[in-house]
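Written out below as structure tokens is the structure these notes cover.
Protein chains: 4
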Amino acid sequence: MDKKEQIILAAMRLLTERGVQATPMSAIAKAANTGMGTIYNYFATKEELINAIYLYIKRSEIHLVAKALESDSSLKSRFFSFYTAFISFYFKYPESFAFMDQFHSSPIITQSTRDAGQADFMPVISLIQQGQQDGIIKNMDLDALLHFLAGTITTYVRWVKGSGKDNDQALVDQQLRLVWDAIKE
Amino acid sequence: MDKKEQIILAAMRLLTERGVQATPMSAIAKAANTGMGTIYNYFATKEELINAIYLYIKRSEIHLVAKALESDSSLKSRFFSFYTAFISFYFKYPESFAFMDQFHSSPIITQSTRDAGQADFMPVISLIQQGQQDGIIKNMDLDALLHFLAGTITTYVRWVKGSGKDNDQALVDQQLRLVWDAIKE
Amino acid sequence: MDKKEQIILAAMRLLTERGVQATPMSAIAKAANTGMGTIYNYFATKEELINAIYLYIKRSEIHLVAKALESDSSLKSRFFSFYTAFISFYFKYPESFAFMDQFHSSPIITQSTRDAGQADFMPVISLIQQGQQDGIIKNMDLDALLHFLAGTITTYVRWVKGSGKDNDQALVDQQLRLVWDAIKE
Amino acid sequence: MDKKEQIILAAMRLLTERGVQATPMSAIAKAANTGMGTIYNYFATKEELINAIYLYIKRSEIHLVAKALESDSSLKSRFFSFYTAFISFYFKYPESFAFMDQFHSSPIITQSTRDAGQADFMPVISLIQQGQQDGIIKNMDLDALLHFLAGTITTYVRWVKGSGKDNDQALVDQQLRLVWDAIKE
DNA sequence: AATGAATGAGACTTCATTCAT
DNA sequence: GATGAATGAAGTCTCATTCAT
Chain A
1 MDKKEQIILA AMRLLTERGV QATPMSAIAK AANTGMGTIY NYFATKEELI NAIYLYIKRS
61 EIHLVAKALE SDSSLKSRFF SFYTAFISFY FKYPESFAFM DQFHSSPIIT QSTRDAGQAD
121 FMPVISLIQQ GQQDGIIKNM DLDALLHFLA GTITTYVRWV KGSGKDNDQA LVDQQLRLVW
181 DAIKE
Chain B
1 MDKKEQIILA AMRLLTERGV QATPMSAIAK AANTGMGTIY NYFATKEELI NAIYLYIKRS
61 EIHLVAKALE SDSSLKSRFF SFYTAFISFY FKYPESFAFM DQFHSSPIIT QSTRDAGQAD
121 FMPVISLIQQ GQQDGIIKNM DLDALLHFLA GTITTYVRWV KGSGKDNDQA LVDQQLRLVW
181 DAIKE
Chain C
1 MDKKEQIILA AMRLLTERGV QATPMSAIAK AANTGMGTIY NYFATKEELI NAIYLYIKRS
61 EIHLVAKALE SDSSLKSRFF SFYTAFISFY FKYPESFAFM DQFHSSPIIT QSTRDAGQAD
121 FMPVISLIQQ GQQDGIIKNM DLDALLHFLA GTITTYVRWV KGSGKDNDQA LVDQQLRLVW
181 DAIKE
Chain D
1 MDKKEQIILA AMRLLTERGV QATPMSAIAK AANTGMGTIY NYFATKEELI NAIYLYIKRS
61 EIHLVAKALE SDSSLKSRFF SFYTAFISFY FKYPESFAFM DQFHSSPIIT QSTRDAGQAD
121 FMPVISLIQQ GQQDGIIKNM DLDALLHFLA GTITTYVRWV KGSGKDNDQA LVDQQLRLVW
181 DAIKE
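Residue numbers (full-length UniProt numbering), protein chains in the order written: chain A, 1 to 185; chain B, 1 to 185; chain C, 1 to 185; chain D, 1 to 185.
Structure representation (structure tokens):
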């Protein structure tokens, strides 16, 4: 693994565990097994590092989404597979989830970072649009629908993690029913 | 307005606009038109102040909920009125929303603050439980339902604010349909 | 003596003894018997502090010049008294001299500081102009003359100090002859 | 031009433009089109590099002086030619001038560097001594005279450069008159 | 010989907190 | 109770220097 990724992963862990104001760059350096100067060779400021983590996670999500939507099964089943995959991702990478949960609305994340992160979610958009055209999904504002969906995933994961439960299939099924009933025509 | 509230409101605004790490106590003092020492008469530390803001907002929400549920109309209509009231609240007090959106998952907010904030949401809980008993609302994990609902409100408000739209009735209705379809039996 | 002056004097001493790059703000704070933060209450940056020292010295010089030129004796004698007073000043305040010698041409000193420092040397200017009108002093570019004079003072003091001699009257007389012969018509 | 000289010239330029504290070795390396390691092949430390620049300039000056004094014309005319040559040198190599003006009294320049730089100014010394013996130049402390002369050159150049004028012959003549009147018997 | 990524000591500066007024 | 100058620990960031290539 290269230095840059080492730093991103170490920083993600510390930042989510302790919060920005309680995570000095020196602690990140130690956790990443580098000198402090090395971090600054890759990221000009602490805020730039945090923005880079944001994009790193977004890119992993995109990767995942792409794969989950490859199949050629029914639209509903592709939707379920994508939704489930997203949840699994956040359970597999709890630090990524914790980071996004904390920094999603932080003023540290710049608009340009947000924009860059939002690009490339096209496959999901297409899926929903297709569903609307086929009369399967409610014919409402696309953007509203997408944000609604994203929000339910985050909320679900936060709740399951927070309540100390496992992410078992029964819970996921319950959630899928909730969400599908919401958006289906 | 007393000094304590002055401080809370000024801090809320600055913290959401700039983030914790970019909001010194001196800036809060200046914005609240007090001396820095005065803040420390009310709040022992910066973190305590932030926790106090959290509770201040939670208490306003509770207040609101109580009022919205007073009526004796149908369960569905009481649910709609409560849901709509919550959304209105966040649009009326955008800084409260921004604060909650940012600090909801922050490690700065202590468990005891979270617990204190969650208490007194009994009226909502009762409403949902009643709906389940009446066979109107899905008979699933109550906690899951409550978190789901809370999450959809937050996500909706964040989206409308973020996209620069007004919170017009059409959008709210769309959202209510989405949410009601999700939870109704 | 107030804190601000304490800091200026301590900084002047350390900066001239060790050079900018070898004088951390922490050392200045210790020498001035203050906390490091206190320095920053008065001077926004290290460079601003250095510029403030420059002006502090310039103002002392102006003060001195004013007094030395008060008398109503002959022009030559007023010139001698002013010139001698300047030399005495630099011997009385060796750190002021060392500072000016080092920072006079430093890029740290901003143009606006230089301008502010140059203002108020009017009395000297008048003296020289008067001498030119009276046909006592060479009728050449006034500015050239003033800089020439200032330079000879600095060079003289640097030399005497550097060679470890005392500033005895014989040396000063020698210097006065040199300078007067230079500028007299 | 060899690497060593490249480095010296680049460093001279940056140091005078920005000051020591604002000129990192990395910037010098970039400006000299070398790697940072290369600089350390030639100069053990940054301070050693600065001292080397000092000597590099001093050596150029010596070179120049030697040539200017070669002629066998009158003493006064040789003095004028030497003095003029020195001024021309500083105008031809403005960075050399700026460097000397700034570092002449800096604690970075070690005593041994100063000593090495002062050696080999013998030809000038001889010239002045000869003048004193011939009763043409004031019979005062030789050292005082030499420093006086050096100082007037520096001051003159600084003034002309600072005031944005050209170094035209009229100004030089004015200056020569000033200086010659000062030192002549 | 030349390079420049890596390093970490230490620089400048901030800011939570105190306390004398 | 209100204040804000003073403090210094601790933060972010720089940069002289090294060393493996």
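Glycine included, every Cβ here is placed at the ideal spot set by N, Cα and C.
Report the partner residues of residue i according to the DSSP bridge assignment.
i, result
"I137(A)", "K184(A)"
Residue i to residue j, Cα distance in whole Å?
i, j, result
"E70(B)", "Y83(B)", "13 Å"
"N51(D)", "L9(D)", "13 Å"
"T38(D)", "E95(C)", "38 Å"
"Q169(D)", "G135(C)", "24 Å"
"E48(B)", "T110(C)", "44 Å"
"Q132(C)", "N139(C)", "5 Å"
"R78(A)", "I128(A)", "10 Å"
"M12(A)", "F97(A)", "10 Å"
"K46(A)", "E61(B)", "35 Å"
"F86(D)", "D72(C)", "41 Å"
"residue 189(C)", "Q175(D)", "Absent from the structure is residue 189(C), since the part of chain C shown begins at 1 and ends at 185."
"K165(C)", "S112(D)", "21 Å"
"K67(A)", "R59(A)", "13 Å"
"D101(D)", "P107(C)", "11 Å"
"M25(C)", "T34(C)", "11 Å"
"D2(A)", "K3(B)", "52 Å"
"M122(A)", "Y156(B)", "21 Å"
"L146(D)", "I183(D)", "10 Å"
"F103(B)", "T16(B)", "9 Å"
"F99(B)", "Y93(B)", "10 Å"
"A22(A)", "L14(B)", "19 Å"
"A27(D)", "Y40(D)", "14 Å"
"N167(D)", "E5(A)", "59 Å"
"V160(A)", "V160(B)", "27 Å"
Below 8 Å between beta carbons: does that hold for residue i and residue j?
i, j, result
"R114(D)", "S105(C)", "no"
"S163(C)", "D143(D)", "yes"
"F148(D)", "L178(C)", "yes"
"M36(C)", "A29(C)", "yes"
"Y54(D)", "G117(D)", "yes"
"A32(C)", "I7(C)", "yes"
"T154(C)", "G19(D)", "no"
"F89(C)", "L64(C)", "yes"
"residue 191(C)", "I125(C)", "Nothing about residue 191(C) can be read from this structure; chain C reaches only from 1 to 185."
"Q130(B)", "L171(B)", "no"
"D181(C)", "D181(D)", "yes"
Closest Cβ-Cβ distance between residue i and chain C: below 8 Å?
i, result
"R158(D)", "yes"
"A182(D)", "yes"
"V124(D)", "no"
"R18(D)", "yes"
"F82(D)", "no"
"A11(D)", "no"
"A131(D)", "In the sequence under discussion, the amino acid at residue 131(D) is Gly, which differs from the Ala named in the question. It does not: the Cβ of G131(D) has no partner Cβ on chain C nearer than 8 Å."
Would residue i count as contacting chain A if we go by Cβ distances under 8 Å?
i, result
"M140(B)", "yes"
"S106(B)", "yes"
"Q21(B)", "yes"
"L178(B)", "yes"
"S163(B)", "yes"
"A144(B)", "yes"
Any Cβ of chain D within less than 8 Å of the Cβ of residue i?
i, result
"V65(C)", "no"
"Q102(C)", "yes"
"F121(C)", "no"
"G117(C)", "no"
"D168(C)", "no"
"F148(C)", "yes"
**Prompt:** At which residue ranges does the stretch 64-109 of chain C contain complete alpha helix (DSSP H) runs of 4 or more residues, listed in the order of the chain?
**Reply:** List check, alpha helix (DSSP H) in window: 75-92, 94-103.
**Item:** Ordered list of alpha helix (DSSP H) runs contained in the stretch 139-169 of chain B, each at least 4 residues
**Value:** Those alpha helix (DSSP H) runs which fall completely within the stretch 139-169 of chain B and span 4+ residues are 142-162.
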